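J.:
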Amino acid sequence: MNGDGHYDSSVAFLGTWGRFQLIVFFLLCSTILPNGSGSFSLVFVTDTPQHRCRIPKANLSQEWWEVAVPLEVVDGELQASRCRRYRLDVLRNLSAGGLLPGRDVNLSSLEQEDCVDGWVYGTEIYQSTVVSQFDLVCTQRWKQPLTATIFFLGVLVGSFFSGVLADRFGRKPVLFATIIIQAVFSVAQIAAPSWEVFSVLLFCSGLGNISNYVSCYVLGTEILTGNTRVVYSSTGVCLGYTLGYMTLPLFAYFLRSWKTLLLAVGLPGLFYIPLWWILPESPMWLLSQGRVTEAEAIVRKAAKMNRVVAPEKIFADSKWHASSAFVSIRLSIALMTVLLCWVCVCYYGLSLNTSQLHSNPYISCFLSAVVEVPAYLSCSLAIRFLPRRLALVAVFLTVGLALFFIQLVPQSILGLAVALEMLGKFGATAGTSLLFAFTAELYPTGLRNTGSGICVMVSRTGSCIAPFLIQLSKHFLEKGVSTFNVTLVFLIRICNPFHVGMAQTSTSSICLISPWALWPCSPS
Numbered sequence: 001m002n003g004d005g006h007y008d009s010s011v012a013f014l015g016t017w018g019r020f021q022l023i024v025f026f027l028l029c030s031t032i033l034p035n036g037s038g039s040f041s042l043v044f045v046t047d048t049p050q051h052r053c054r055i056p057k058a059n060l061s062q063e064w065w066e067v068a069v070p071l072e073v074v075d076g077e078l079q080a081s082r083c084r085r086y087r088l089d090v091l092r093n094l095s096a097g098g099l100l101p102g103r104d105v106n107l108s109s110l111e112q113e114d115c116v117d118g119w120v121y122g123t124e125i126y127q128s129t130v131v132s133q134f135d136l137v138c139t140q141r142w143k144q145p146l147t148a149t150i151f152f153l154g155v156l157v158g159s160f161f162s163g164v165l166a167d168r169f170g171r172k173p174v175l176f177a178t179i180i181i182q183a184v185f186s187v188a189q190i191a192a193p194s195w196e197v198f199s200v201l202l203f204c205s206g207l208g209n210i211s212n213y214v215s216c217y218v219l220g221t222e223i224l225t226g227n228t229r230v231v232y233s234s235t236g237v238c239l240g241y242t243l244g245y246m247t248l249p250l251f252a253y254f255l256r257s258w259k260t261l262l263l264a265v266g267l268p269g270l271f272y273i274p275l276w277w278i279l280p281e282s283p284m285w286l287l288s289q290g291r292v293t294e295a296e297a298i299v300r301k302a303a304k305m306n307r308v309v310a311p312e313k314i315f316a317d318s319k320w321h322a323s324s325a326f327v328s329i330r331l332s333i334a335l336m337t338v339l340l341c342w343v344c345v346c347y348y349g350l351s352l353n354t355s356q357l358h359s360n361p362y363i364s365c366f367l368s369a370v371v372e373v374p375a376y377l378s379c380s381l382a383i384r385f386l387p388r389r390l391a392l393v394a395v396f397l398t399v400g401l402a403l404f405f406i407q408l409v410p411q412s413i414l415g416l417a418v419a420l421e422m423l424g425k426f427g428a429t430a431g432t433s434l435l436f437a438f439t440a441e442l443y444p445t446g447l448r449n450t451g452s453g454i455c456v457m458v459s460r461t462g463s464c465i466a467p468f469l470i471q472l473s474k475h476f477l478e479k480g481v482s483t484f485n486v487t488l489v490f491l492i493r494i495c496n497p498f499h500v501g502m503a504q505t506s507t508s509s510i511c512l513i514s515p516w517a518l519w520p521c522s523p524s
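Here full-length UniProt numbering is used: the first residue of the sequence shown is 1, the next is one more, and so on.
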């Protein structure tokens, strides 16, 4: 069995949109819903509400209590300081002496101090967040972006190890293990007594977040065939993720406490456990392990569900050896270039940033999610009708140009800046979807989950620093444009013209990249 075309032809008698395919399609897409909400729950959970120093009223007149917080110029506007107050012992002495602020005492001459009594947080938007729970402000504000970085470190580690485990033990066990990990540790975070414990639990929940998505993606693309596979990989699983993303601001709007929000985001994952007895293992993976009998049993069950007759012998005995995957220098170079493409997508950087575009974070998050719908639909059309190279170059140019022109927009034209950033998010979303599809096609079966996991892991290195880069957006955008341009040069050399099936051996992987590459292909 040299390629996916042989597998597709072997199971062609099942059809494409039978009862079996519909059940697998919609159940797998549904398991992605918690990923969309869980991936971006930090937008609300770790947001910083308005705050000021707490001022005890004891031995302090109302006049002095009202002016105890000094005013500062922030972005050209006069605002109450968030991290400083006038020395309270001095104010009490002045209050006891009957002096009045402004009339008897010049406030600018008074000494200031840090918020030694803590902070008072505004509740107009949130009832509570992790920032207000653990006082991650002022001298501790560096912990706020670090929190998101810790989550993405968990995603990075989980993406690699889950991929290796899925190629070793199967797609299905890893899929359900990561679903449980994400759900359990998301809920466990609400009991964290400190930021340190919360961060550990957040890291653990990250282990299962995108690992679940990758395992689900690979499982579906290997079970489904033909047009069903194309729709699933380019639209179905992506829209499942986006639907979960779109429900997040709705949950956050009605559940203003970070603990109840995490509970609402995490618990639904446990409801997918019964699907273990419904969803099958990947027949393609079973074949790569030489377990032909088990693969045939799954296909025969599918034939029974679709009410078609299966042939007496469906598959020929074969086993693919994973050690041959990286023998070819050309395949290794192509895979390294794909990794570079994954680093440059910057999907999470734009997603985390667009949540801050509007004064209402719920509207910002919803807009950031909604723009993904046309992006995925466009990606579906691109996969069907455009060469991979042209489609990827187009979305990379879209993101690069959007990031470039944002730098030129004056701050007074907020609408144009929002439109450009949404255009960038559109391109980044489409690019992520295209890369998932191309990566699944490029890697052979025995390494497909590992390869996809490595790509996601590498892409998360950018996500880990994205929360800090958002604070340095100007430099981030300039470097981003340069990196996109370099990536495009390599990208032109590796992408196959149209969909020619998913590779099952290293030879067929090389054939996928050869039509538009420098090297000839001689499939065996």
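Here a beta-carbon is modelled for each residue, glycine too, at the ideal position from N, C-alpha and C.
This structure is a prediction, so every number in the text was calculated from the model and none was measured.
When DSSP builds the beta bridges, which residues end up paired with S128?
T.: Paired residues: S257.
J.: Do you know whose CA, among G415, S282, W17, lies nearest K172's CA?
T.: The shortest C-alpha separation from K172 is found at S282.
J.: Check R52 in the structure and name its three-state DSSP category.
T.: The answer is strand: DSSP assigns R52 an E or B state.
J.: From this set, V105, R82, C83, which residue's C-alpha is nearest residue 526's C-alpha?
T.: Look at the range of the chain in this structure, 1 to 524, and you will see that residue 526 is not part of it.
J.: With 16 as the cutoff for other CB atoms within 10 Å, does N360 come out buried or exposed?
T.: Looking at its Cβ environment, which holds fewer than 16 other Cβ atoms inside 10 Å, N360 is exposed.
J.: Can you give me the start and stop residues for the beta strand (DSSP E) that D47 sits inside?
T.: Here D47 belongs to no beta strand (DSSP E), and DSSP marks it neither H nor E.
J.: Y232 and F404 - do their beta-carbons sit closer together than 8 Å?
T.: Cβ distance not < 8 Å, so F404 and Y232 don't count as in contact.
J.: Just mark I413 as buried or exposed, buried being the case when its beta carbon has 16 or more other beta carbons within 10 Å.
T.: So I413 counts as exposed.
J.: Measuring only the C-alpha atoms, how far is A302 from K143?
T.: If you take the alpha carbons of A302 and K143, they lie about 51 Å apart.
J.: Measuring only the C-alpha atoms, how far is F198 from L110?
T.: Whole-angstrom Cα-Cα distance: 39 Å.
J.: Does DSSP put V67 in a helix, a strand or coil?
T.: Looking at V67 - three-state DSSP - the assignment turns out to be coil, as it is neither helix nor strand.
J.: Measure the C-alpha to C-alpha separation of A80 and I180 and round it to an integer number of angstroms.
T.: In a straight line, the C-alpha of A80 is about 45 Å away from that of I180.
J.: For V370, which option in M336, I273, D47, F426 has the closest C-alpha, if you only look at C-alpha atoms?
T.: Cα-wise, what sits closest to V370 is F426.
J.: Measuring CA to CA, which of P387, L442, V373, I454 is closest to T429?
T.: When only C-alpha atoms are compared, the closest one is V373.
J.: With respect to the beta strand (DSSP E) encompassing W142, which residues constitute its N-terminal and C-terminal limits?
T.: Counting along the chain, W142 falls outside any beta strand (DSSP E), and DSSP gives it neither H nor E.
J.: Quick check: the region 55–64 against the region 82–100, are at least 3 beta-carbon pairs closer than 8 Å?
T.: The region 82–100 vs the region 55–64: in contact.
J.: Below 8 Å, can you find three or more Cβ-Cβ pairs linking the region 158–175 to the region 229–243?
T.: With the cut-off at 8 Å, the region 158–175 and the region 229–243 do not touch.
J.: Where does the unbroken beta strand (DSSP E) through A80 begin, and where does it stop?
T.: Unbroken beta strand (DSSP E) run through A80: 77–80.
J.: Leaving out five residues on either side along the sequence, give the residues of the same chain with a beta carbon under 6 Å from the beta carbon of F438.
T.: Hits under 6 Å: R388.
J.: Between D114 and T178, what straight-line distance do the alpha-carbon atoms span, to the nearest angstrom?
T.: Those two C-alpha atoms are separated by around 44 Å.
J.: What are the partner residues of E72, as DSSP defines its beta bridges?
T.: Paired residue(s): Q79.
J.: State the DSSP-derived secondary structure class of R87, mapped to helix, strand or coil.
T.: R87 falls in the coil class under three-state DSSP.
J.: Considering only DSSP beta bridges, list what Y121 is partnered with.
T.: Y121 is bridged to H51.
J.: What does DSSP give as the partner residues of D114 in its beta bridges?
T.: Note: D114 sits in a beta bridge opposite R84.
J.: Would you check if the region 259–271 and the region 182–189 touch, i.e. whether three or more CB-CB distances between them fall below 8 Å?
T.: Output reads yes: the region 259–271 touches the region 182–189.
J.: Looking at T46 and V131, is the spacing between their C-beta atoms short of 8 Å?
T.: It is a contact, given that the beta carbons lie within the stated cut-off.
J.: Three or more beta-carbon pairs under 8 Å between the region 213–228 and the region 277–296, yes or no?
T.: In short, these stretches touch, since the Cβ pair count reaches three.
J.: Using a Cβ cut-off of 8 Å (strictly closer), state whether F396 contacts chain B.
T.: Chain labels in this structure do not include chain B; a single protein chain is all it has.
J.: Which residue wins for smallest C-alpha separation from S112, given the options Q133, G122, E72?
T.: Here residue 112 is Gln; the residue named in the question, Ser, does not match the sequence. With distances taken between Cα atoms, Q112 lies closest to E72.
J.: So does the region 300–315 actually touch the region 49–60, counting three or more Cβ pairs closer than 8 Å?
T.: Verdict: no, contact absent.
J.: Is the beta carbon of V265 sitting closer than 8 Å to the one on S37?
T.: In contact: V265 and S37 (Cβ atoms closer than 8 Å).
J.: Nearest-angstrom Cα distance between I383 and F169?
T.: Distance between the alpha carbons of I383 and F169: 30 Å.
J.: Beta-carbon separation of T235 and Y376 under 8 Å?
T.: For T235 and Y376, yes; Cβs fall inside 8 Å.
J.: Please tell me whether A183 and G102 are closer than 8 Å, where the distance is taken between their beta carbons.
T.: Result no, Cβ atoms of A183 and G102 do not sit closer than 8 Å.
J.: Report yes if the CB atom of G226 is closer than 8 Å to the CB atom of D8, and no otherwise.
T.: Yes, these two residues count as a Cβ contact at 8 Å.
J.: Return the chain-ordered list of same chain residues with a C-beta closer than 6 Å to the C-beta of G18, the five sequence neighbours on each side being excluded.
T.: Hits under 6 Å: N306.
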